[in-house]
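A.B. asks: Residue numbering for the sequence shown follows the UniProt record's numbering, beginning at 1 and increasing consecutively.
Built from N, CA and C at the ideal position, the CB exists for glycine as well.
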Amino acid sequence: MSLKQWGAVLTGCAALLLTACTVVDLDADGKPIIPADPNAKASFDNQTPQQIAQQTWQSRVLNTATRHALGSSELATQLKTLSSTPHSVFVRLTGKVEKVDSSNEREQKLVMIVNGQPLEIQSGPVIRGNAIRDAAGFRFEEFTNQVQFAQLSRAFNREAVTHLPKVDGSWNGKTASVVFAATLTNGKADDAAALELKQEAP
Numbered sequence: 001m002s003l004k005q006w007g008a009v010l011t012g013c014a015a016l017l018l019t020a021c022t023v024v025d026l027d028a029d030g031k032p033i034i035p036a037d038p039n040a041k042a043s044f045d046n047q048t049p050q051q052i053a054q055q056t057w058q059s060r061v062l063n064t065a066t067r068h069a070l071g072s073s074e075l076a077t078q079l080k081t082l083s084s085t086p087h088s089v090f091v092r093l094t095g096k097v098e099k100v101d102s103s104n105e106r107e108q109k110l111v112m113i114v115n116g117q118p119l120e121i122q123s124g125p126v127i128r129g130n131a132i133r134d135a136a137g138f139r140f141e142e143f144t145n146q147v148q149f150a151q152l153s154r155a156f157n158r159e160a161v162t163h164l165p166k167v168d169g170s171w172n173g174k175t176a177s178v179v180f181a182a183t184l185t186n187g188k189a190d191d192a193a194a195l196e197l198k199q200e201a202p
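(1) Near His68, what residues of its chain come up, given a Cβ to Cβ distance below 7 Å and the 5 sequence neighbours on each side ignored?
(2) Among residues of its own chain, excluding the 5 on either side of Lys174, which ones have a beta-carbon nearer than 6 Å to its beta-carbon?
(3) What three-state label does DSSP hand Glu120 in the structure shown?
(4) So the alpha helix (DSSP H) Asp45 belongs to, where does it begin and stop?
(5) Could you give the distance in angstroms between the alpha-carbon of Gln55 and the alpha-carbon of Pro165?
(6) How about Val100 and Asn157: do their beta carbons lie closer than 8 Å?
(7) State the start and end residues of the unbroken beta strand (DSSP E) segment that holds Glu196.
(8) Identify which residue in Val179, Val178, Ala135 and Leu79 has its Cα closest to the Cα of Arg60.
(9) Taking the C-alpha atoms as reference points, what is the distance between Ala201 and Ser103?
(10) Mind checking whether Leu119 and Ala192 have CB atoms under 8 Å apart?
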């Protein structure tokens, strides 16, 4: 085959290769911009816990609580199982506030009687525990490491406080509606954390 014929073949191959290629846009640094894979698993790798909490508060926390919150009788049923494996749930209650515990100003709690037993519900400004994160269904596998997963609990607890009214002694004896997350273990509801809280008209 002559050089001229080889040139024609090579030119044809190059044309086929170009036709098969997809043009990719470049970013400001001249690097190719790869489109996101629509089937890729959602990842929080490049977000701070605070960003995750803010962005998922409605979709993963409040919406889940609206769909799956237990009432007082359902909560009582779950507590009777006496499971030693902690699991967190959302609960929606309306009842009388027996008292507001302000002995620690940074960790105030409302005490309500639920199924004949007093239940402390944290109202901030500091809320402790993993109840909100775990009740919303977040799992360790979604995160880069254990530290980020642990920090998300604190971020959700801080986010909850921004949506709650100021609670003081004037709430004593009043009827209130509350949506909260709690961790159930061995027949007890621990680390109850308010998500929504309001006084009802007398």
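C.D. replies: Here's the rundown:
(1) Phe90
(2) Val97 and Gln199
(3) In the three-state reduction of the DSSP assignment, Glu120 falls in the strand class.
(4) Unbroken run through Asp45: none, as it is neither H nor E.
(5) When rounded, the distance between both Cα atoms is 21 Å.
(6) no
(7) Lys188 to Gln199
(8) Ala135
(9) 27 Å
(10) yes
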